[in-house]
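Here is the structure we will look at.
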Amino acid sequence: MRKHLILILVATLSVGLLANSDAREPKNVASIKTELIRYHDSGNYLKDQAAVINQAMVYLKERLANEKKSSSPEKLAIVLDIDETSLSNYASMHEMDFGGKLKDINEAEGKGNDPAIQPTLELYRYAKANNIAVFFVTGRTEQYRDATIKNLQDAGYKDWNDLILKPETYQEKSAAPFKIAARDNIEKQGYHIILNIGDQKSDLVGHHAEKTFKLPNPYYMVG
Ligand SMILES: [Mg+2]
1 MRKHLILILV ATLSVGLLAN SDAREPKNVA SIKTELIRYH DSGNYLKDQA AVINQAMVYL
61 KERLANEKKS SSPEKLAIVL DIDETSLSNY ASMHEMDFGG KLKDINEAEG KGNDPAIQPT
121 LELYRYAKAN NIAVFFVTGR TEQYRDATIK NLQDAGYKDW NDLILKPETY QEKSAAPFKI
181 AARDNIEKQG YHIILNIGDQ KSDLVGHHAE KTFKLPNPYY MVG
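The sequence shown maps to residues 1 to 223 in the working numbering.
This is the structure:
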């Protein structure tokens, strides 16, 4: 009897919560866009990105120090996502008024003129200077390989170990299986991935890295 009462109570609460969340008028899209611009222009977006990269840097240095003491050092590697992690698409997102069809967004990425996200570039340079391998694993597809290489180089990224783009034939809705398989493959080449940094959950789920770091991104969500 008591169990039934609890079940009814839970069901009632659930329906109530759903009804409430459905009933509220959402925030106006124009004011959300204003907030998105303010977040960027105030410098707070960059500050939040830098705070995350700073934590990753602390871990990287700690891990490097331990490795130097080790009697059997490993081939250390880090994995970086590209968009909103290594390069910023903010200018084109702003130009498209934070909208646009997937085709427009991809074409904007294909232009290859995105600036570096400076804290990530600094971490990248530090890793390379300390003989840590760096792999870019991106949801961009193979057709953007040349544009992406040029863009990464123009932005200051040099001598990465590999750039792994999604095959054109990839069918899964989420990028996660592709990214997990890419990291698995890096490990099979004998690397030990100490850091995996991205701005989407799908960049980071599924292990194959000692530590993951999630950068802020209120501008879009990729599955
Ligand atoms: Mg990204």
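All residues carry an ideal CB built from backbone N, CA and C; glycine is no exception.
1. Determine the burial state of K173: buried for a count of at least 16 other Cβ atoms within 10 Å of its Cβ, exposed for fewer.
2. Can Q200 be considered in contact with ligand 1, in the sense that its beta carbon sits closer than 7 Å to one or more heavy atoms?
3. Taking D162 as the reference, give the member of F178, F135 and T34 with the closest Cα.
4. Rounded to whole angstroms, how far is the Cβ of N217 from the Cβ of E84, which I believe are closer than 8 Å?
5. Please go through the same chain and pick out, in chain order, the residues whose beta-carbon is closer than 6 Å to the beta-carbon of A50, but skip the five residues on each side of it.
6. Compute the Euclidean distance between the alpha carbons of A175 and V222, then round it to the nearest angstrom.
7. Measure the CB-CB distance between D114 and N151 and report whether it falls below 8 Å.
8. Can you say whether K3 is buried or exposed, counting buried as having 16 or more other CB atoms within 10 angstroms of its CB?
9. Taking the runs of the alpha helix (DSSP H) that are 4 residues or longer, which of them lie wholly in the stretch 62–96?
10. Apart from the five residues on each side of it in sequence, which residues of its chain come closer than 7 Å, Cβ to Cβ, to E109?
11. How long is the line joining the alpha carbons of L87 and K69, rounded to whole angstroms?
12. Measure how close the beta-carbons of A77 and H192 come, nearest whole angstrom, since I'm counting them as under 8 Å.
13. Please indicate yes or no: does the CB of D83 lie closer than 7 Å to some heavy atom of ligand 1?
14. Pick helix, strand or coil for V137, following the three-state DSSP scheme.
15. What residues in its chain sit with their C-beta under 7 Å from that of H208, if we drop five residues either side in the sequence?
16. Can you look up G198 in the DSSP assignment and give me helix, strand or coil?
17. Compute the Euclidean distance between the alpha carbons of Q171 and D199, then round it to the nearest angstrom.
Result, derived from the coordinates:
1. Result: exposed.
2. yes
3. In terms of CA proximity to D162, F135 leads the group F178, F135 and T34.
4. 5 Å
5. P119
6. 8 Å
7. The answer is yes: Cβ separation under 8 Å.
8. Bear in mind that a pLDDT of 47 at K3, under 50, signals an unreliable position, so the model cannot answer this.
9. 90–95, all fully within the stretch 62–96.
10. Result list for E109: D83, N89, R140 and Y144, in chain order.
11. 34 Å
12. 7 Å
13. yes
14. strand
15. I180, R183, D184, E187 and I193
16. Three-state result, G198: strand.
17. 22 Å
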